[in-house]
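Q: Sending over a structure as structure tokens; questions will come in a sec.
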Amino acid sequence: MSTTSADLLARLDAFRDATLAQLEAAASLEALEAVRTASVGRTRGALNDFKTQLPQLPAPERPAFGAKFNAVKVVLEHAIEERHAALTASRPAPAALDLSMPARRQWRGGKHPVTLVMEEIESIFRDLGFTIATGPEAEHEWYNFGALNFPPHHPAMDMHDTLYLEGGGLLRTHTSPVQIRTLQSYPPPIRIIAPGNVFRRDFFDASHAPMFAQIEGMAVDEGISFVDLKATLANFANRFFGQTITRFRPSFFPFTEPSAEMDVACRICNGSGCATCKQTGWVEILGCGMMHPNVLEAAGVDSERYSGWAFGMGPGRMALQRFGIPDIRLEYDSDIAFLEQFAQ
Ligand code: DAH
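Numbers in this note's numbering are just positions in the sequence shown, counted from 1, shifted up by 2.
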């Protein structure tokens, strides 16, 4: 029996009406979606079955059937859209916003404790009229040792456990070479501090690391004396630690004469003795002294006319004191739980 166009058109009408009725009856978005896939769905839709009949129709009847097919498809798709809009609009509103719910936790970045300490030291010295100077980390031996009055092969160089570079030069073992570079570039009067990283072949233990930060300080002018040095550093310690007791002990550095080390009363035990201060009640925070005339002369400064003082301090050590950190290796571990405590 051959399919007639009249037959097919009648079935197409019936299909359209049945589907429109199902759409009307669909009470949820899920039900609507089921009707859609079963009717106009690309793969499982019943409408497709009508299309496959097209080649069986006599050629002259095909255009009329094709037009009808497209019209039914448009009607159904339009009806699906409308039903979708109606069901969406009538969906119950989401539960009202509960403002008492705990907020989701925010992660906030913070500065490293050593950075915090360095910034504070810089700001105190800026207040006292010092400017910031810098120098290279890969340095010439002359700037690191020779110009600083280390005689060739002097045992003091052993103290520094130097990392030498292939092809000459070294990684600076201290920030003191910045003294020379600054004096070569600017005439006195000069007051600078020079923060930066320094490198030593030290083994890594609770109070030593192979790379650490230092802050160098230097004041050169006519008539500068040890009194200026003591007063400046004691003033600094009071500002940095809050009212604190300092003491100066005689020491030795090739680039200063006389030389001293400054201690502060241990903040962790208030001077009564603990592991951090090795039971002494004191913690060394810097080395200092009057600049050796040979150093001034090496940098091209007239040591008859000018004098100066210098110091070098370790902000890593100072952060231990300032924040009560028990082991310097914590400063290098990148442990979020540790670092988070310093986020401001
Ligand atoms: N450069 C010394 C060191 O790294 C620290 C130091 C001591 C620097 C005395 C100075 C100074 O400028 O006067 O151990």
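Beta carbons: idealized from backbone N, C-alpha and C, even for Gly. These numbers were taken from a predicted model, which means no experiment stands behind them.
(1) Just list the residues that DSSP pairs N296 with in beta bridges.
(2) Can you tell me where the alpha helix (DSSP H) holding V180 begins and where it ends?
(3) Give every residue of the same chain whose Cβ lies closer than 8 Å to the Cβ of G302, excluding the five residues on either side of it in the sequence, and list them in chain order.
(4) Pick out whichever of A61, E79, I287 has its Cα sitting closest to the Cα of A40.
(5) Between which residues of its own chain and M3 is the CB-CB distance below 7 Å, once the five residues before and five after are set aside?
(6) Pick out whichever of R44, A312, G148, P328 has its Cα sitting closest to the Cα of R269.
(7) For the 8 Å Cβ check, are there 3 or more pairs between the segment 135-143 and the segment 235-249?
(8) Sorry if obvious, but does the Cβ on T234 come closer than 7 Å to a heavy atom of the ligand DAH?
(9) Looking at H156 and the ligand DAH, is the gap between the Cβ and the nearest heavy atom below 7 Å?
(10) Identify the residues that DSSP records as bridge partners of E286: which are they?
(11) Looking at the ligand DAH, does it come within less than 7 Å of G314, judged from the CB to the closest heavy atom?
(12) Give the DSSP-derived three-state secondary structure of F250 in the structure shown.
(13) Mind checking who H176 pairs with in its DSSP beta bridge?
(14) Counting along the chain, where does the beta strand (DSSP E) carrying G310 start and finish?
(15) Taking 7 Å as the line, does the beta carbon of T258 fall inside it for any heavy atom of the ligand DAH?
(16) Do L165 and F214 have their C-beta atoms closer together than 8 Å?
(17) Closer than 7 Å: is that where the CB of F127 sits relative to any heavy atom of the ligand DAH?
(18) Using the Cα positions of K70 and V76, report the straight-line distance between them to the nearest angstrom.
(19) So E139 is in the beta strand (DSSP E); what residue range does that whole segment cover?
(20) Taking just the CA atoms, how far does G112 sit from F254?
(21) Under 7 Å: does the beta carbon of F250 sit that close to some heavy atom of the ligand DAH?
(22) To the nearest angstrom, how far is it from the Cα of A97 to the Cα of P317?
(23) Can you tell me the Cβ-Cβ gap for G291 and P260, rounded? I've got them flagged as a contact below 8 Å.
(24) Would you check whether the ligand DAH has a heavy atom nearer than 7 Å to the C-beta of H1?
(25) Do you know how far the Cα of P115 is from the Cα of L298?
(26) Name the two residues that bound the continuous beta strand (DSSP E) containing E218.
(27) What are the start and end residues of the alpha helix (DSSP H) that includes F340?
(28) Can you look up H86 in the DSSP assignment and give me helix, strand or coil?
(29) Does at least one heavy atom of the ligand HEM sit under 7 Å from the Cβ of S261?
(30) In angstroms, rounded to a whole number, what distance separates the CA positions of A140 and T177?
(31) Would the beta-carbon of F238 be found less than 7 Å away from any heavy atom of the ligand DAH?
(32) What residues in its chain sit with their C-beta under 6 Å from that of V74, if we drop five residues either side in the sequence?
(33) Taking 7 Å as the cut-off, is the beta-carbon of G291 closer than that to any non-hydrogen atom of the ligand DAH?
(34) Please classify W109 as buried or exposed, where buried requires at least 16 neighbouring CB atoms within 10 angstroms.
A: If we stick to the structure as given:
(1) For N296, which the question treats as bridged, DSSP gives no partner whatsoever.
(2) 179-187
(3) Hits under 8 Å: L185, Q186.
(4) E79
(5) With a pLDDT of 44 at M3, under the threshold of 50, the modelled position of this residue cannot be trusted, and the question is left open.
(6) That would be P328, whose Cα lies nearest to the Cα of R269.
(7) no
(8) no
(9) no
(10) D265
(11) yes
(12) In the structure shown, F250 sits in a strand (DSSP, three-state: E or B).
(13) Note: H176 sits in no beta bridge, so no partner.
(14) Going by DSSP, G310 is part of the beta strand (DSSP E) stretching over 309-315.
(15) yes
(16) no
(17) No - the ligand DAH has no heavy atom lying nearer than 7 Å to the Cβ of F127.
(18) 10 Å
(19) It is not in any beta strand (DSSP E) - E139 carries neither H nor E in the DSSP assignment.
(20) 38 Å
(21) No, the ligand DAH has no heavy atom inside 7 Å of this Cβ.
(22) 54 Å
(23) 6 Å
(24) Not covered by the structure: residue 1. The range shown for the chain is 3 to 346.
(25) The straight-line gap from Cα to Cα measures roughly 35 Å.
(26) DSSP places E218 in the uninterrupted beta strand (DSSP E) bounded by 213-223.
(27) 338-341
(28) helix
(29) Ligands displayed in this structure: the ligand DAH; the ligand HEM is not among them.
(30) 11 Å
(31) no
(32) Counting only Cβ-Cβ distances below 6 Å, and skipping sequence neighbours, we find L14, R18.
(33) yes
(34) exposed
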